[in-house]
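Q:
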Amino acid sequence: MKIFRKIRLSSLTKGSASKYLIYAIGEVILVVIGILIALYLNDRKDLSDLKSQQKNHLILIKEELGNNLIIIEKEYDVLSNIVVNLRDLINLTSVNKAEKEINETDLSELLFLPLTRSIEIDYENVAYNEFIASNSLKDIDNDSIRAILRSWDRRLHTLKLQEQVVYEALKKSTDFIETKGSLKTVFDNYNISETYFEINNSPQTFSNKVVLTSRQFQNILIQYLGVATQLYKKTYPVFISDINSLIGLIDDELNDRINKL
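Note that our numbering numbers the sequence shown so that position 146 is 405, with each residue one more than the last.
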């Protein structure tokens, strides 16, 4: 640019008006070019910052998804045992004189999980919520990732509702035992009273076999089994599949950005 100015100044010393006009136009052109270059560089910087922000968001969301996946898979295994115990209990209530075919300890082992173990996960969602609050969803280039993240809150809400339904079924079972049976007997026979609660086993056991002849308890168990099976066979597997799909899409997106560097 200094060279151009020297040339134009040299032209001005010759007193040519037309050359002065050319000089002025040249100055304007240089200013415009400078502004355009500055805007271009600024846009490039803004785009780079946006891409870096997106990358950080995706990395954090992926970490949350991975942590949630580990927790869900553990709860899924517990839910599997609950479903098995519920089936065994229902089968017992359908057998004549079932109370004579099972001892109190074995019955307590069948009752323990369905009566005491709730399936409710405290999902990690901080990174996702911050991402949504930042209004950055619209800036995600990958259509598949954007579509899944847009509906993620709804999917999680649906999952929590199903978990709540299972919890309410557990509560009905517990309420029945509190009225007609004995939780203390379950805890004593499952070796929970002394080891966990640090209380003595009862010297006289109150039998829970009475529940095996109760139609009301059978109905409660069937309803419990229905909602637990829904969570076990459909809701959790679908959500686990969604998590794995989203993690895979994020991995592909991050790897694609690395390859473009």
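Glycine residues also receive a C-beta, built at the ideal position from the N, C-alpha and C atoms.
Bear in mind the structure is a predicted one, so any value in this text is a computation, not a measurement.
1. Among the candidates Gln423, Ser410, Glu383, whose CA atom is the shortest distance from the CA of Asp501?
2. Can you grab the Cα-Cα spacing for the pair Asp511 / Ser339, in whole Å?
3. Going by beta carbon distance, what residues of the same chain come within less than 7 Å of Ser441, once the five residues before and after it are set aside?
4. Can you list, in chain order, the residues of its chain with a C-beta nearer than 7 Å to that of Leu366? Leave out the 5 residues immediately preceding and following it.
5. For a test of the three-state rule: what should DSSP assign to Tyr455, helix, strand or coil?
6. Taking the C-alpha atoms as reference points, what is the distance between Asn326 and Asp400?
7. Quick check: the Cα distance between Gln482 and Ile391, rounded to an integer number of angstroms?
8. Evaluate Ser432 with the Cβ neighbour count: other Cβ atoms within 10 Å of its Cβ, from every protein chain shown; 16 or more gives buried, anything less gives exposed.
9. Span of the alpha helix (DSSP H) holding Arg414?
10. What three-state label does DSSP hand Asn460 in the structure shown?
11. Rank Phe456, Ile380, Lys439 by C-alpha distance to the C-alpha of Arg474 and give the top, closest one.
12. In its own chain, which residues sit with a C-beta less than 7 Å from the C-beta of Ile361, not counting the 5 before and 5 after it?
13. Tell me which residues share the same chain as Lys321 and place their Cβ nearer than 7 Å to its Cβ, disregarding the 5 neighbours each side in the sequence.
A: For this structure:
1. Ser410
2. 33 Å
3. Phe465, Asn467
4. Asn467, Lys468
5. coil
6. 25 Å
7. 37 Å
8. buried
9. 411–439
10. coil
11. Lys439
12. Leu351
13. Ile506, Ile509
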